[in-house]
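Have a look at the structure below before the remarks.
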Amino acid sequence: MRVLVTGGAGFIGSHVVEALLGDGRQVVVVDNLSHGLRAFVPPAAEFIQGDVLEADQWADQVGPVDAVIHLAAQISVPVSEAEPEEDVRTNVLGTVAMLKLAHRLGAREFRFASSAAVYGDNPHVPLAEEASGDPLSYYGLDKWLAEFYVRHEERVRGLKGTVLRMANVYGPRQRTQGEGGVVAMFSEALAQGLAPTIFGDGMQTRDFIAVADVARAFTHRLGEREPGGTYNIATETATTVGEVWRILATEAGADPARINYGPDRPGDIRHSRLKIARALAWGFRATVPLPEGLKETYAYFRKVASQG
Ligand SMILES: NC(=O)c1ccc[n+]([C@@H]2O[C@H](COP(=O)([O-])OP(=O)(O)OC[C@H]3O[C@@H](n4cnc5c(N)ncnc54)[C@H](O)[C@@H]3O)[C@@H](O)[C@H]2O)c1
833 MRVLVTGGAG
843 FIGSHVVEAL
853 LGDGRQVVVV
863 DNLSHGLRAF
873 VPPAAEFIQG
883 DVLEADQWAD
893 QVGPVDAVIH
903 LAAQISVPVS
913 EAEPEEDVRT
923 NVLGTVAMLK
933 LAHRLGAREF
943 RFASSAAVYG
953 DNPHVPLAEE
963 ASGDPLSYYG
973 LDKWLAEFYV
983 RHEERVRGLK
993 GTVLRMANVY
1003 GPRQRTQGEG
1013 GVVAMFSEAL
1023 AQGLAPTIFG
1033 DGMQTRDFIA
1043 VADVARAFTH
1053 RLGEREPGGT
1063 YNIATETATT
1073 VGEVWRILAT
1083 EAGADPARIN
1093 YGPDRPGDIR
1103 HSRLKIARAL
1113 AWGFRATVPL
1123 PEGLKETYAY
1133 FRKVASQG
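Counting from 833, one number per residue, gives the positions in the sequence shown under the working numbering.
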């Protein structure tokens, strides 16, 4: 099986590529390196530097594929509010372009990286997939809209579409900007001996999931003959941002009181927790315990800091 992974030089994408290669799949990565790093792409994967909005420039190099996993995106909520047209271009038009390309390359299956941001600040947590979308940001709106195009292609042209709505993903290789970057931000600051900033009071809760689990979700039942679907990829566990800070600071041997507080960020959700019943019925369950995942993430950032 040959798989095209867009955004495969990014944080989640590079782990997805590793998981696919581990399963014996052939992988082609397309990434414009606007936020990803060439060094994150394993040597066993083919790499094309290209933009999802300029597929005509590189599509001929890809060759036939069985599936497209589309992760390339503008990932920052604040950027989506400051530059909404850019977010629409990358996250909506970019997804439409990749759906079109999937047909052209003969793919039968399309997996789309969506987000808990599609739910907005819905108070009825944990949120099931049916919870109506009420996004708080252009980022959430554009991910939600893109999901409709995935469904449309499935209905009209039979391209199987699997939408994975991820909660807050954390782990090695996460960059310090962007959605869900709080673990990376804290880990990097601790590794450099700095005091990070919590935006808000630290009592906001998130449903943190390790990137290793997320990578397994993207490869789970890939290529199987089953209908597409929309799945929350989460742990259904709420953890405050302040608690994450305490675990990481303790792991690093730092004083948890050494922290700054800043204003809430516009577009941020207060409480986010996703129901996982549908993913469980699909056969997927996250297995990495949070303290273990945080420990591994901090060790990665300490290694990066020690390499200068
Ligand atoms: N990190 C999270 O917590 C989280 C949560 C929910 C959803 N997601 C989604 O998962 C996906 C991956 O996120 P990530 O955290 O790994 O971010 P990332 O920025 O590390 O990865 C995105 C990759 O896409 C590339 N890219 C961006 N625009 C591109 C374009 N126009 N053409 C080609 N490549 C482009 C970037 O260079 C980067 O390598 C995104 O779609 C994001 O919205 C992430």
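We treat Cβ as the ideally placed atom computed from N, Cα and C, and that holds for glycine. Fair warning: this is a prediction, and the values are worked out from it, not measured in the lab.
- Across the structure, G926 and V909 are spaced so that their CA atoms are roughly 17 Å apart.
- Using a Cβ-Cβ distance cut-off of 8 Å, the region 1029-1037 and the region 911-926 are not in contact, since fewer than three pairs of beta carbons, one from each stretch, lie closer than that value.
- Judged by beta-carbon spacing, G1061 lies beyond the 8 Å limit of W976, meaning their Cβ atoms are not closer than that value.
- The beta-carbon distance between R997 and N1064, rounded to whole angstroms, is 5 Å. This is short enough to meet the 8 Å contact definition.
- Contact between the region 856-863 and the region 878-891 is established, with three or more Cβ pairs separated by less than 8 Å.
- Note on Y1093: under 16 other CB atoms within 10 angstroms of its CB, so exposed under the neighbour-count rule.
- Residue pairing by DSSP places T1072 opposite T1037 in a beta bridge.
- Scanning V1001, T838, A1109, V900 for the CA closest to the CA of H935 turns up V900.
- For the region 855-888, the continuous beta strand (DSSP E) assignments of 3+ residues that do not extend past its boundaries occur at 858-863, 878-881, in sequence order.
- Under the 10 Å beta carbon count, P875 is surrounded by fewer than 16 other beta carbons and is classified as exposed.
- Along the region 898-947, the beta strand (DSSP E) occurs as fully enclosed runs of 3 or more residues at 899-902, 941-947, listed in sequence order.
- About 13 Å separates the beta carbons of G1125 and A999, which is beyond the 8 Å limit, so they are not a contact pair.
- Judged by DSSP in its simplified three-state form, F1133 adopts helix.
- Nearest Cα to I1030 within the set E985, T1008, W1077, Y1002: W1077.
- S969 sits away from E918, with the two beta carbons spaced by 8 Å or more.
- Going by DSSP, Y1002 is part of the beta strand (DSSP E) stretching over 1000-1002.
- In the DSSP annotation of this structure, the continuous segment of the alpha helix (DSSP H) that includes T1051 starts and ends at 1043-1051.
- L903 places its beta carbon less than 8 Å from that of V848.
- Residue environment: H1052 is assigned as buried (16 or more neighbouring CB atoms within 10 Å of its CB, all protein chains considered).
- Here DSSP, grouped into helix, strand and coil, assigns Y951 to coil.
- Across the set F1116, A1111, R1105, A1131, the C-alpha of A1131 shows the shortest separation from the C-alpha of L1080.
- The Cβ atoms of M1017 and P1028 sit closer than 8 Å to each other.
- With a beta-carbon spacing of about 5 Å, Y981 and V928 fall inside the 8 Å limit used to define contacts.
- For D898, the closest alpha carbon among the candidates N954, L1054, P955 is that of L1054.
- Membership of R1110 in the alpha helix (DSSP H) is indicated by the continuous run 1109-1114.
- Distance check between T1069 and each of S1138, A1109, E962, A851 places A1109 closest, using alpha-carbon atoms only.
- Cβ neighbours of R1097 within its own chain (closer than 8 Å, five residues either side excluded): V909, P910, F1031, G1032.
- According to the DSSP secondary-structure assignment, R997 is paired through a beta bridge with S946, N1064.
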